[in-house]
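So the number in my numbering is just where the residue sits in the sequence shown, counting from 1, plus 15.
The block underneath contains the structure these notes are about, expressed in structure tokens.
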Amino acid sequence: MSFITMIIIAKVFGKELFGDFSYAITVGGYCITIANCGLERTLIRDLVHFPKRFDEYASASILLRGSMLTLALVGIFGVNALVAEENQLRFGGILIVLTMGIKAFNLAAIYDAWDNMKRSAVYLLSERSLYFICIWTFILFFEESLSITAISIFMFISVILGLSLQYRWALPQLNLRMDQKANLLAVVMLKKNLWVWSAIIATLSFGGLSKIVLKHISGSGELGEYSVAWLVVLLGMILITQVGRVGNPRIARIVKPGVSPTRRIRFLLQYTALSAMAGTVIGLPAIFFSTQIMQIFPPEYASAASSMRILGFYVIAIGIGQVATQYLVAVRKERVYFIIVFLTGGLSVVLFYLLIPQWMATGAALAVLLAHGTAIFLNWIVMIRHLLFSNEEIQV
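Written out as structure tokens, the structure reads:
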């Protein structure tokens, strides 16, 4: 449904306006990443490993995300006021950034730790359903009035609904205490998460930064074409992320002391096959049928087929790479993870400025695949080495 909706939005907006819409979503991605402070990768581990301190970690995580969201919004809106006028976010874009930042307060990790993913999925479905109902009502009856501002309002209302449902059920189960003890634990979590948080921000240099650089070098129109091709990545991530939500708590458990290496390896092979399959389901059609897929869009988007073909390979790589990333976090190899992502993130920046001026959107897609693919390969090397040669008990 999300994929189809984005197709319709791209058709209605045209590539220039769709490029501006994608730009706002990209900046919002930075906002939620900064606000999350790496907790989307590490909180589930802490909740599983320290069940007696469940409420403490839940309280501290909310405090930490609130503090970081405030800093993120101040920084983003400050920079927005300083950039060239043609690249500034307008009201609709600003509301999108704010809404995506608020999504950092979701309780997905807590529901996952409770093994209550079904309830969490229902709440997410309710949120997305409201958003799609609003969007499609506008498309069917007020298509000419559809704008970035209208979409941002629908997004804001639906996110508030989703969070309200999550907190309404979860709060009676939790004993949240926003006291000095929670503040101190939040500081500890920030320090512990520094490496993985920095790595996640650096990871945005693969996808998010490619769009920002492309907009500044080639303009909104070229970004609009690239964003249409990027829909393949978004669709793939929907499947890959759902597989990851199931696998992440299990990785946290499988690396605990007392689990045999053979059992760990067997689980990781099965998990990798499932995650790779999720990426392949979306990636293969993008590789072999990109030209046919682009016929869905107006002719102005036709040149995005080459970018989509490259991004099909990228989606498959993401599915395979998810396993190694979660494993390194689970065994507390955050520093190694950060070093890999930081170095390959730097590589991506170099590739953007080398390839985008020559091949524009296609160059951006190729740079993302090469840089992130290198990071995924190195993560796997580290994971395999740890599995085969580490004689140390995994500390939790």
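Each residue gets a CB set at the ideal place from its N, CA and C atoms; glycine is no exception.
For clarity, every value in this text was computed on a predicted model and none was experimentally measured.
Helix, strand or coil at residue i according to DSSP, with G and I counted as helix
i      : result
ASP70  : helix
ILE311 : coil
SER275 : coil
ALA380 : helix
ASP61  : helix
VAL103 : At residue 103 the sequence reads Gln, which differs from the Val that was named. GLN103 falls in the coil class under three-state DSSP.
LYS206 : helix
LYS425 : Limits of the chain in this structure are 16 at one end and 411 at the other, which puts residue 425 out of reach.
ARG134 : helix
CYS52  : coil
PHE18  : helix
ASN190 : coil
VAL98  : coil
LEU219 : coil
PHE157 : coil
PHE120 : helix
Cα-Cα separation, residue i to residue j
i      : j      : result
GLU461 : LEU140 : The structure shown does not extend to residue 461, since the chain is modelled only from 16 through 411, so no value can be given for it.
GLY34  : VAL364 : 20 Å
LEU78  : PRO272 : 31 Å
ARG268 : TRP129 : 13 Å
LEU366 : ILE335 : 23 Å
SER290 : ALA390 : 17 Å
PRO187 : GLN181 : 11 Å
ALA244 : ILE175 : 29 Å
LEU246 : VAL346 : 33 Å
LYS226 : VAL89  : 22 Å
ALA124 : ILE308 : 35 Å
ILE150 : MET21  : 10 Å
GLU315 : LEU32  : 13 Å
THR292 : ASN394 : Checking the displayed sequence, the identity of residue 292 turns out to be Met instead of Thr. Near 19 Å, if we compare the C-alpha coordinates of ASN394 and MET292.
VAL411 : HIS64  : At VAL411, the pLDDT of 41 sits below 50, so the modelled position is not reliable and the matter cannot be decided from this model.
GLY294 : GLY108 : 30 Å
ILE232 : CYS52  : 30 Å
TRP374 : THR359 : 21 Å
LYS26  : ARG350 : 43 Å
ILE255 : GLY298 : 11 Å
ALA386 : GLN195 : 42 Å
MET398 : PHE106 : 44 Å
LEU362 : ARG183 : 44 Å
GLY223 : TYR45  : 8 Å
ILE409 : LYS348 : Low confidence applies to ILE409: its pLDDT is 45, below 50, so where it sits in the model is not reliable, and the reading given next is rough at best. Roughly 10 Å separates the two Cα atoms.
GLN337 : LEU284 : 12 Å
LEU403 : VAL344 : 17 Å
Residues near residue i by beta carbon distance below 7 Å, same chain, minus five either side
i      : result
ILE23  : ILE154
VAL356 : ALA214, ALA217, THR218 and ALA390
ASP61  : TYR72
GLY412 : Since the first residue shown for the chain is 16 and the last is 411, residue 412 is missing from the structure and cannot be characterised.
ALA165 : PHE153
MET416 : Coverage of the chain is limited to positions 16 through 411, which leaves residue 416 absent and any answer about it impossible.
Close Cβ partners of residue i (< 6 Å) along its chain, the five nearest in sequence each way excluded
i      : result
GLU407 : Unreliable placement is indicated for GLU407, whose pLDDT of 47 sits below 50; the coordinate value is still reported in the next sentence. Cβ neighbours of GLU407 beyond the five flanking positions: none.
VAL42  : VAL112
PHE282 : ILE269
ALA317 : MET309
LEU58  : SER76 and ALA124
SER173 : GLU142, LEU145 and TYR146
Outcome for residue i when other beta-carbon atoms lying within 10 angstroms are tallied against a minimum of 16
i      : result
THR152 : exposed
MET193 : exposed
PHE303 : exposed
THR340 : buried
PHE353 : buried
PHE157 : exposed
SER167 : buried
PRO276 : exposed
ILE396 : exposed
ASN208 : buried
THR287 : buried
LYS133 : exposed
ASN263 : buried
GLN103 : exposed
SER242 : buried
GLY116 : buried
THR48  : buried
ALA13  : Past the boundaries of the shown model lies residue 13; the chain is included only from 16 to 411, so the question cannot be answered.
TYR38  : buried
Contacts around residue i, its chain only, beta-carbon distance under 8 Å, and the 5 residues preceding and following it disregarded
i      : result
MET16  : ARG143 and PHE147
LEU97  : none
LEU384 : ILE325, LEU326, PHE328, TYR329 and ALA332
Where the alpha helix (DSSP H) through residue i begins and ends
i      : result
MET115 : 106-117
ALA267 : 235-269
TRP184 : 163-185
TYR126 : 123-128
Contact test: residue i Cβ vs the ligand SAH heavy atom, cutoff 6 Å
i      : result
GLY177 : The ligand SAH is absent from the structure shown, which contains no ligands of any kind.
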